[in-house]
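2 protein chains.
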Amino acid sequence: MKELPKISEAEWEVMKILWSRSPQTANEVIEALEGQMDWKPKTVRTLISRLLQKNAIAFQETGRTYLYYPLVSQDDYVQTETQSFLKRLYGGAVKPLLVHFLREQKLSSDEISELKRILDEKTEEGPDRDRRKDR
Amino acid sequence: MKELPKISEAEWEVMKILWSRSPQTANEVIEALEGQMDWKPKTVRTLISRLLQKNAIAFQETGRTYLYYPLVSQDDYVQTETQSFLKRLYGGAVKPLLVHFLREQKLSSDEISELKRILDEKTEEGPDRDRRKDR
DNA sequence: TTTATTAGACTACACGCGTAATCCAAAAAT
DNA sequence: ATTTTTGGATTACGCGTGTAGTCTAATAAA
Numbered sequence: 000m001k002e003l004p005k006i007s008e009a010e011w012e013v014m015k016i017l018w019s020r021s022p023q024t025a026n027e028v029i030e031a032l033e034g035q036m037d038w039k040p041k042t043v044r045t046l047i048s049r050l051l052q053k054n055a056i057a058f059q060e061t062g063r064t065y066l067y068y069p070l071v072s073q074d075d076y077v078q079t080e081t082q083s084f085l086k087r088l089y090g091g092a093v094k095p096l097l098v099h100f101l102r103e104q105k106l107s108s109d110e111i112s113e114l115k116r117i118l119d120e121k122t123e124e125g126p127d128r129d130r131r132k133d134r
Numbered sequence: 000m001k002e003l004p005k006i007s008e009a010e011w012e013v014m015k016i017l018w019s020r021s022p023q024t025a026n027e028v029i030e031a032l033e034g035q036m037d038w039k040p041k042t043v044r045t046l047i048s049r050l051l052q053k054n055a056i057a058f059q060e061t062g063r064t065y066l067y068y069p070l071v072s073q074d075d076y077v078q079t080e081t082q083s084f085l086k087r088l089y090g091g092a093v094k095p096l097l098v099h100f101l102r103e104q105k106l107s108s109d110e111i112s113e114l115k116r117i118l119d120e121k122t123e124e125g126p127d128r129d130r131r132k133d134r
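Here it is as structure tokens:
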């Protein structure tokens, strides 16, 4: 039940960098974002500061510079965000979203096969398992 | 390629009311939200005004009051929002999200069956169809 | 050693959003 | 006819966010 700090869209970009590798200095983060985000270095530093305030990241001091690293896991985030997104747009129901995606999106045969496999697994040992051998 | 106006979270609640039935007067919308959102009537009116400015809704004048109705479809919205959400959190890849959901969420046996059926359909006539009878 | 650079801290500022309150003209009530 | 109510328009205000710039102390360069 950890309280995940709210991370804005711009801040998210910084987090992705730190999730992909850490710890990193501000300059490394700035460099990593270069060309992809078109932000001034100061802008990135502001985002880093805000993430610090929010306790989304922390740092180890090494001499005059800091080495930043995430305090929250990307997985936790994706999980939480997905949950609220789902609630907002689909009223919390997973199935409509899945149906939507399965229908609309282009999936390769391989992907379809994999999804089927996963569904099969769930049929085997899901929590909603009906104890009969259905099918 | 229509430019969908950005709708905030609070505004979304108003939109849902109007999508569910329209046209409606401000008071009807206010009433519909009552008990569920705990907003002062003025707050709802503000949201309505902002949606007007954004051209997300419009109205027909009838005497002294207005009858509001949506200018954008919920489907378009869900579609667009889902797309950007997907991009933000899953790097645009649908499969990871689907896998995530299929794994984490509790789906009933019935739902699982339905999803399988949909996948089967896709196997039959998908655009990526590999012409072999993959078993 | 004096000067220039740089990292991080602090400050800035406009816009969107949540959350209303005030103002005004018209309609309804008295 | 005068007063009250009410719908819509306008205004308010603090917080988060995007997007930086300035200030300061310390380090690096000259």
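If you read the sequences in order, they're chains A and B.
Reading the first sequence from the start, the letters are residues 0 to 134 in numbering that gives the first Met the number 0.
Reading the second sequence from the start, the letters are residues 0 to 134 in numbering that gives the first Met the number 0.
Just so you know, even glycine gets a beta-carbon here, dropped at the ideal spot from N, CA and C.
Original post:
Excluding sequence positions up to five away, which residues of its chain have a Cβ less than 8 Å from the Cβ of B:Tyr65?
Top reply: Residue mapping note: residue 65 of chain B aligns to position 66 of the second sequence, counting from 1. Within the same chain, B:Tyr65 has close Cβ partners Thr24, Ala25, Phe58 and Gln59.
Original post:
Start and end of the beta strand (DSSP E) containing B:Arg69?
Top reply: The count along the second sequence starts at 1 and reaches residue 69 of chain B at position 70. For the record, residue 69 of chain B in the displayed sequence is Pro; it is not Arg. Counting along the chain, the beta strand (DSSP E) containing B:Pro69 begins and ends at Thr64 to Pro69.
Original post:
In chain order, which continuous runs of the alpha helix (DSSP H) of length 4 or greater are located wholly inside the stretch 12-70 of chain A?
Top reply: For secondary structure counted as the alpha helix (DSSP H) over 4 or more consecutive residues, the stretch 12-70 of chain A holds these complete runs in sequence order: 25-32 and 40-52.
Subject >> Where A:Thr161 falls, given that 16 or more other Cβ within 10 Å makes a residue buried >> reply: Nothing about residue 161 of chain A can be read from this structure; chain A reaches only from 0 to 134.
Original post:
If you drop the 5 nearest sequence neighbours on each side, which residues of the same chain put their C-beta closer than 6 Å to that of A:Asp127?
Top reply: Locating residue 127 of chain A in the first sequence gives position 128, where the first residue counts as 1. With a pLDDT of 46 at A:Asp127, under the threshold of 50, the modelled position of this residue cannot be trusted; read the value that follows with caution. Closer than 6 Å at Cβ, skipping near neighbours: no residue.
Original post:
Does DSSP put B:Lys132 in a helix, a strand or coil?
Top reply: Your numbering for residue 132 of chain B matches position 133 in the second sequence. Low per-residue confidence applies at B:Lys132: pLDDT is 41, beneath 50, and the placement is therefore not dependable, though the value from the model is reported in the following sentence. If DSSP states are grouped into helix, strand and coil, B:Lys132 belongs with coil.
**OP:** Give the residues of chain B in contact with A:Leu118, contact being defined as C-beta atoms less than 7 Å apart.
**Re:** In the first sequence, residue 118 of chain A corresponds to position 119, counting from 1. Those within 7 Å of A:Leu118 in chain B are Leu101, Ile111, Leu114 and Lys115.
Original post:
Where does A:Gly125 fall in DSSP's three states?
Top reply: As a first step, residue 125 of chain A must be located in the first sequence, where it is residue number 126. In this prediction, A:Gly125 scores a pLDDT of 46, lower than 50, which makes its location untrustworthy; no coordinate-derived value is stated.
Subject >> Which of helix, strand or coil DSSP assigns to A:Ala92 >> reply: For the purposes of this step, residue 92 of chain A is identified with residue 93 of the first sequence, where counting begins at 1. Here A:Ala92 carries a coil assignment [DSSP, helix/strand/coil].
Original post:
Would you call B:Glu10 buried or exposed, if buried means 16 or more other Cβ atoms sit within 10 Å of its Cβ?
Top reply: In the second sequence, residue 10 of chain B corresponds to position 11, counting from 1. B:Glu10 comes out buried.
Original post:
Does the separation of the CB atoms of A:Pro69 and A:Trp18 fall below 8 Å?
Top reply: What you label residue 69 of chain A is simply residue 70 of the first sequence in a count that begins at 1. What you label residue 18 of chain A is simply residue 19 of the first sequence in a count that begins at 1. In this structure, A:Pro69 sits near A:Trp18, with a CB-CB distance shorter than 8 Å.
Subject >> Neighbourhood of A:Trp38 by C-beta, 7 Å cutoff - its chain only, sequence neighbours within 5 removed >> reply: In the first sequence, residue 38 of chain A corresponds to position 39, counting from 1. Cβ within range, chain order: Leu32.
**OP:** Output the distance between the C-alpha atoms of B:Leu22 and A:Pro22, rounded to the nearest integer angstrom.
**Re:** Numbered from its first residue, the second sequence carries residue 22 of chain B at position 23. Numbered from its first residue, the first sequence carries residue 22 of chain A at position 23. Just to set this straight, residue 22 of chain B is Pro in the shown sequence, not Leu. Their Cα atoms are separated by approximately 55 Å.
Original post:
Taking 8 Å as the CB-CB limit, is A:Glu80 close to chain B?
Top reply: As a first step, residue 80 of chain A is located in the first sequence; it is residue number 81 there, counting from the start. At least one chain B Cβ lies under 8 Å of A:Glu80.
Original post:
Taking just the CA atoms, how far does B:Pro4 sit from A:Ser112?
Top reply: Position 113 of the first sequence, counted from the start, is the residue given in the question as residue 112 of chain A. Position 5 of the second sequence, counted from the start, is the residue given in the question as residue 4 of chain B. Their backbone Cα atoms lie some 38 Å apart in a straight line.
Original post:
If you draw a straight line from the C-alpha of B:Leu101 to the C-alpha of A:Ser48, how long is it?
Top reply: For the purposes of this step, residue 101 of chain B is identified with residue 102 of the second sequence, where counting begins at 1. For the purposes of this step, residue 48 of chain A is identified with residue 49 of the first sequence, where counting begins at 1. Rounded to whole angstroms, B:Leu101 to A:Ser48 spans 37 Å at the Cα level.
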